[in-house]
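A quick write-up on the structure given underneath.
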Amino acid sequence: MPNSLKDTTTLHNGVKMPWMGLGVFKVEEGEEVVESVKAALKNGYISIDTAAIYGNEEGVGKAIKESGIPREDLFITTKLWNSEQGYEKTLKAFETSMKKLGLDYLDLYLIHWPGKDKYKDTWKAFEKLYKDGKIRAIGVSNFQVHHLEDLMSEAEVKPMVNQVEFHPHLTQKELLSFCKEQGIALEAWSPLKQGQLLDEPLLKEIAEKYNKSVAQVILRWDLQHGVITIPKSTKEYRIIENADVFDFELSQEEVEKIDRLNQDSRAGSHPDTLTKGFE
267 MPNSLKDTTT
277 LHNGVKMPWM
287 GLGVFKVEEG
297 EEVVESVKAA
307 LKNGYISIDT
317 AAIYGNEEGV
327 GKAIKESGIP
337 REDLFITTKL
347 WNSEQGYEKT
357 LKAFETSMKK
367 LGLDYLDLYL
377 IHWPGKDKYK
387 DTWKAFEKLY
397 KDGKIRAIGV
407 SNFQVHHLED
417 LMSEAEVKPM
427 VNQVEFHPHL
437 TQKELLSFCK
447 EQGIALEAWS
457 PLKQGQLLDE
467 PLLKEIAEKY
477 NKSVAQVILR
487 WDLQHGVITI
497 PKSTKEYRII
507 ENADVFDFEL
517 SQEEVEKIDR
527 LNQDSRAGSH
537 PDTLTKGFE
């Protein structure tokens, strides 16, 4: 089990990825994202997760630069938006993201959503960028088991990561076990279900027992499932609090009780029905 923000899991290609990072979904470009990322880096985070569609890659890049932390000590992820899928468009979109971030290589690049018919061509571009040494690891986001099977049927390089909505109301058991079997790391976005889980009685009870917050209990539950997690916050005290999950351990019984909160309910879209950006 990880013991600190610096602890990593080893992806199937040997690249080490931190177990916990800062997500910046819906964090405004400009001062808000710069300050949020700088606060995380100052307090020991080394992994930052953004995306082209978030519109804040420039701010993330500025914060990285101003932090003074050596580039090789950080793990930076961004994602390709739906409208840029396809071989040539992907290569162009990658260059645009890199210019905005001000980086000369990326640690992890993800296909943001599967869509229906372009992700194989898109993946070929990802494989090229990976083989050219521009990205240390490549992966997908919001892919279901059937998308992964379809992609891997023709891929030369298997995805290293699948970032999906994952929390106690959406435990994705089949997907989690499939990814584990395949050696694909599962990563949780929206681990707190955009705040909707903070009043859950069972989680409050467990939090009280350990003198922790509900958020800390959920993030600990992620880690004990072997799931990478990227909670988002713009407040420094919350960024620090989210990371304070390495000094307690949930019992197996508590993990299973939390698992039973599953409702297969999402805060975001279902990957099989999302068409936004693909039109």
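Going by our numbering, the first residue of the sequence shown is number 267, and it counts up by one from there.
No residue lacks a Cβ here, since even glycine has one placed at the ideal position from N, Cα and C.
Note that the structure is predicted; figures quoted are calculated from it, not measured.
1. The beta strand (DSSP E) spanning Val430 covers which residue range?
2. Less than 7 Å between C-beta atoms, sequence neighbours within five positions excluded: which residues of the same chain meet that for Val326?
3. How should Met267 be labelled, buried or exposed, when 16 other C-beta atoms within 10 angstroms of its C-beta is the threshold for buried?
4. Count the other CB atoms, across all protein chains shown, that sit within 10 Å of the CB of Tyr503; report buried if there are 16 or more and exposed otherwise.
5. Would you identify the three-state DSSP class for Gly289, choosing helix, strand or coil?
6. Counting Cβ pairs, one atom from each stretch, are 3 or more of them under 8 Å apart for the stretch 352–366 and the stretch 332–339?
7. Which complete alpha helix (DSSP H) runs does the stretch 427–464 hold, if anything under 4 residues is left out?
8. Below 8 Å between beta carbons: does that hold for Phe392 and Tyr371?
9. Taking all protein chains shown into account, decide if His447 is buried (16 or more other Cβ within 10 angstroms of its Cβ) or exposed.
10. Please check the pair Ser407 and His435, which I expect to be a contact at CB under 8 Å, by giving their CB distance rounded to whole angstroms.
11. If you run the structure through DSSP and keep just helix, strand and coil, what is Ala533?
12. Rounded to the nearest angstrom, how far is the Cβ of Gly287 from that of Tyr311, given a contact under 8 Å?
13. Of the choices Ser499, Asp525, Ala473 and Lys498, whose alpha-carbon is the least far from that of Asp488?
14. Taking Asp605 as part of the alpha helix (DSSP H), name the residues at either end of that continuous run.
15. Given a cut-off of 8 Å, decide if Lys459 and Ala533 are closer than it, judged by their beta-carbon atoms.
16. Where does Pro467 sit, in a helix, a strand or coil, going by DSSP?
17. Going by the DSSP bridge assignment, what does Tyr375 pair with across the sheet?
18. In chain order, what residues of the same chain lie with their CB nearer than 6 Å to the CB of Leu540, ignoring the 5 residues before and after it?
19. Would Ser499 be called buried (16 or more neighbouring beta carbons within 10 Å of its own) or exposed?
20. In its own chain, which residues sit with a C-beta less than 7 Å from the C-beta of Thr437, not counting the 5 before and 5 after it?
21. Can you tell me the Cα-Cα spacing of Gln429 and Ala403, whole angstroms?
22. Between which two residues does the alpha helix (DSSP H) harbouring Ile330 extend?
Concretely, from the data shown:
1. Here residue 430 refers to the residue found at position 164 when the sequence shown is read from its first residue. Run containing Val430: Val427 to Glu431, per the beta strand (DSSP E) assignment.
2. Walking along the sequence shown from the start, residue 326 turns up at place 60. Taken in chain order, the residues that qualify are Val290, Val299, Val303, Ile314, Thr316 and Leu367.
3. Taking the sequence shown and counting its residues from 1, one reaches residue 267 at position 1. With fewer than 16 Cβ atoms within 10 Å of its Cβ, Met267 is classed as exposed.
4. Along the sequence shown, read from residue 1 onward, the residue named residue 503 stands at position 237. With fewer than 16 other Cβ atoms within 10 Å, it is exposed.
5. Position 23 of the sequence shown, counted from the start, is the residue given in the question as residue 289. Three-state DSSP puts Gly289 in a strand.
6. no
7. 439–448
8. Indexing the sequence shown from 1 puts residue 392 at position 126. Indexing the sequence shown from 1 puts residue 371 at position 105. Cβ atoms of Phe392 and Tyr371: not closer than 8 Å.
9. Numbered from 1 along the sequence shown, position 181 holds the residue referred to as residue 447. Just to set this straight, residue 447 is Glu in the shown sequence, not His. Counting Cβ neighbours within 10 Å, Glu447 comes out exposed, since fewer than 16 surround it.
10. Reading the sequence shown from its first residue, position 141 is the one you call residue 407. Reading the sequence shown from its first residue, position 169 is the one you call residue 435. Not confirmed; about 19 Å, so no contact.
11. Taking the sequence shown and counting its residues from 1, one reaches residue 533 at position 267. In the structure shown, Ala533 sits in coil (DSSP, three-state: anything other than H, G, I, E or B).
12. Numbered from its first residue, the sequence shown carries residue 287 at position 21. Numbered from its first residue, the sequence shown carries residue 311 at position 45. Right, the Cβ-Cβ distance comes to about 6 Å (below 8 Å), so this counts as a contact.
13. For the purposes of this step, residue 488 is taken as residue 222 along the sequence shown, with counting starting at 1. Considering only alpha carbons, the answer is Asp525.
14. In the structure as shown, the chain begins at 267 and stops at 545. Residue 605 is therefore absent and cannot be evaluated.
15. Residue mapping note: residue 533 aligns to position 267 of the sequence shown, counting from 1. Residue mapping note: residue 459 aligns to position 193 of the sequence shown, counting from 1. In contact: Ala533 and Lys459 (Cβ atoms closer than 8 Å).
16. For this step, residue 467 is matched to residue 201 along the sequence shown. The answer is helix: DSSP assigns Pro467 an H, G or I state.
17. Stepping through the sequence shown from its first residue, residue 375 is reached at position 109. The partner list for Tyr375 (beta bridge, DSSP) reads Thr344 and Ile404.
18. Translated into the one-based positions of the sequence shown, residue 540 becomes position 274. Around Leu540: Trp379.
19. Indexing the sequence shown from 1 puts residue 499 at position 233. When all chains shown are included, Ser499 counts as buried.
20. Taking the sequence shown and counting its residues from 1, the one referred to as residue 437 is at position 171. Result list for Thr437: Asp525 and Asn528, in chain order.
21. As a working mapping, residue 429 is identified with position 163 in the sequence shown. As a working mapping, residue 403 is identified with position 137 in the sequence shown. If you take the alpha carbons of Gln429 and Ala403, they lie about 13 Å apart.
22. Indexing the sequence shown from 1 puts residue 330 at position 64. Unbroken alpha helix (DSSP H) run through Ile330: Glu323 to Ser333.
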